[in-house]
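Below is one structure, written out as structure tokens, with a few remarks after it.
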Amino acid sequence: MVKRILSIAICIVVLIFVYSPILLLVVYSFTDSKMIGQWNGLSLALYGQLFRDERIMRILFNTVWLALAAAGLSTVLGTAGAIGIFYSRRRVAKPLLAVSQIPVINAEIVTAIALALLFSMTLLYRTYFSLIVGHMVLCTPFVLLSVMPKLKQMDPNTYEAALDLGASPSQALFKVVIPQIFSGIVSGFMLSITLSLDDYIVTAFTKPKLFDTISTYVYNAVKNGTNSSTPALRALSALIFIVMIVILLMINLRAQKPAAKRSTK
Amino acid sequence: MTRIHFSRKQLCIPYGLFLALFVVIPMLLILFYAFTEESDGAITFTFANFLNFFTSKAKLSTLLMSFTIAIISTALCLIIAYPVAYILARSRLKKRHVLLMLFVLPMWINFVLRITALRELLDLIGLLGTQNYLNTLIGMVYDFLPFMILPLYTTLEKLDNSYLEAAADLGGNQFTVFAKITFPLSMPGVISGVTMVFMPSMTNYVVSDTLSNFNITILGKLIDEYFTTYNNWHMGSMISIILLVVIFLTMLVTGGFRDSKQEARGANLW
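The listed protein sequences derive, respectively, from chains A and F.
The numbering of the first sequence is this note's numbering, which starts it at 10 and goes up by one.
The numbering of the second sequence is this note's numbering, which starts it at 456 and goes up by one.
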């Protein structure tokens with residue numbers, strides 16, 4: 010009994026630690042005050058300011074299209090790479106898999122400056138190209154790592170069977186292989202989106218000068234000491250927290266339902 | 456209709472080129488920059504950056520301080536995450552997956568926003584601006600805790616109960632069973648958690664900048680400063696190499712380097 014109470018207490022304390030900053034911001038986003046800790050009654054004024062702030066709206070838009078573009082491209086490149094590596098000889102597959110680990114293990118600042126060194130030698134330094142490539146370097150290996158296990162689980166005979174039955178290699182690929190590894194592709198894509206949305210350091214070293222994502226904008230706002238003078242940012246953070254928590258809970262609870270059904274059989 | 460002839464193997468060509476161009480070459484460039492210097496447009500090979508780092512008291516103390524912060528925050532993460540992961544994994548709760556979800560969910564929300572939220576909280580309770588080191592440690596733990604909980608949970612959940620029962624049957628008390636069976640068997644989780652937390656604790660300067668009001672310079676920040684403030688890319692590259700060596704040695708000691716980072720990143724939860 011004591012053990013049980015202690016267990017629950019530990020969980021609650023850690024959850025409070027994890028969620029108290031988020032909760033604080035969400036609560037104080039619903040009042041019209043410059044500072045957190047000063048409650049001026051319930052109000053949606055900050056949200057009004059937020060949606061009228063063209064700059065923040067553009068940054069929000071930038072962040073989302075960057076994540077979608079980087080995740081989409083990474084998913085195509087990483088999936089193709091995974092299939093290619095899976096059917097290649099060890100001599101080819103091994104070094105490719107080893108190099109794939111570099112961006113995964115490497116410190117982000119090192120990845121960032123390495124790309125800055127490369128792009129500074131070209132005309133593409135600090136362009137949308139370098140920015141998207143930077144995000145792809147972060148995301149693609151994770152797509153590969155999500156797809157690889159699905160390829161290994163696949164029955165290798167199905168591809169051969171499709172060819173025997175008259176399918177062309179590309180038909181066999183799109184109608185037989187891809188559907189079987191699709192769940193891996195989807196999780197690679199989702200993971201890429203969250204990695205891209207979360208990134209600060211690589212973005213800071215590869216982005217065009219006047220381009221900002223939420224990460225770079227908020228970091229610079231803190232740096233320039235304008236954080237507290239733009240309460241609209243508080244509404245933005247609160248909104249992102251709420252939206253993300255709802256989306257993530259929905260995805261994960263839905264994903265668990267079939268599994269739960271299976272286990273009750 | 457023309458049929459496109461390609462073999463499945465060839466699909467790895469674009470990916471291979473991508474890795475060569477944007478991963479391998481950039482890393483070689485760091486190595487090149489680290490051991491060269493530029494004067495009057497002429498690039499010469501040199502060990503000066505290396506010697507400069509190890510003879511500069513300021514840089515060495517940054518390295519030491521950064522290393523200490525990383526060790527302490529990794530240890531704190533482990534101390535907090537282990538009981539949570541253990542409770543979740545060993546409980547017979549039907550909804551424990553949902554509960555786990557609650558603990559690791561923040562890792563999918565933009566960390567700059569979460570750290571800024573934490574900054575507001577620390578400001579409210581009067582720590583901001585007075586306790587720079589403490590705030591940085593709190594921030595690192597706050598940011599990286601899910602990356603420690605997840606791999607620990609995964610290994611603890613897979614743990615075969617019969618080992619624990621056998622140990623108990625053979626007369627081991629609860630503490631002995633934990634110390635001699637549970638903990639050693641959970642080492643793979645501990646190692647991948649440590650790997651996930653240690654490196655960003657040495658390099659993620661957004662956390663230290665935001666929570667110390669730009670007063671604490673960790674090693675990652677030093678690299679950033681040499682690139683953006685001092686405009687000395689050669690020294691910046693050398694510090695990156697030293698950082699990688701420090702991390703490599705630490706991983707060697709802890710027996711890290713397992714490709715479980717993707718697992719820790721929560722790929723399997725999607």
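All C-beta atoms, glycine included, are put in the ideal place defined by N, C-alpha and C.
Contact check for Thr-215(A) against Ser-139(A) passes: the beta carbons are separated by less than 9 Å.
In this structure, the alpha-carbon of Tyr-134(A) lies about 16 Å from that of Ile-480(F). Under the three-pair Cβ rule at 8 Å, the segment 86–93 of chain A does not count as touching the segment 666–680 of chain F.
Within 10 angstroms of the beta-carbon of Leu-555(F) lie 16 or more other beta-carbons, which makes it buried. Close to Tyr-685(F), with beta-carbon spacing below 8 Å, lies no residue of chain A; the smallest spacing is near 13 Å. Measuring C-alpha to C-alpha distances from Val-101(A) to each of Leu-577(F), Lys-464(F), Leu-573(F) identifies Lys-464(F) as the nearest. One alpha carbon belongs to Ile-92(A), the other to Ser-494(F), and they sit about 47 Å apart. In the three-state DSSP reduction, Leu-51(A) falls in the strand class (E or B). Annotation: the segment 168–237 of chain A contains the following complete segments of the alpha helix (DSSP H) (minimum length 4 residues), in chain order: 178–181, 187–207, 210–215, 223–232. Close CB contacts of Leu-592(F) within its chain, under the 8 Å cut and outside five residues either way in sequence, are with Ile-524, Ile-527, Ser-528, Leu-531 (chain order). Proximity of Gly-675(F) to chain A, defined by a Cβ-Cβ separation below 9 Å, is satisfied. When 8 Å is used as the limit between beta carbons, Ile-480(F) is near these residues of chain A: Leu-127, in chain order. Listed along the chain, the chain A residues whose CB falls inside 7 Å of the CB of Gly-471(F) are Leu-105.
Taking the CA atoms as reference points, Ile-210(A) sits about 49 Å from Ala-623(F). For the segment 561–581 of chain F, the set of residues with a beta-carbon nearer than 9 Å to any beta-carbon of chain A comprises Pro-561, Met-562, Trp-563, Ile-564, Asn-565, Phe-566, Val-567, Leu-568, Arg-569, Ile-570, Thr-571, Ala-572, Leu-573, Arg-574, Glu-575, Leu-576, Leu-577, Asp-578, Leu-579, in chain order. Cβ-Cβ separation between Leu-568(F) and Ile-249(A): approximately 6 Å, consistent with a contact (criterion under 8 Å). Burial check for Tyr-226(A): the Cβ neighbour count within 10 Å reaches 16 or more, so the residue is buried.
DSSP places Ser-42(A) in the coil class of the three-state scheme, outside both helix and strand. Per DSSP, the beta-bridge partners of Phe-500(F) are Thr-491(F). CA-to-CA, the gap between Ala-489(F) and Asn-507(F) works out to about 12 Å. In this chain, the alpha helix (DSSP H) harbouring Thr-88(A) covers 63–96. Note that the C-beta distance between Thr-491(F) and Ile-673(F) is not below 9 Å.
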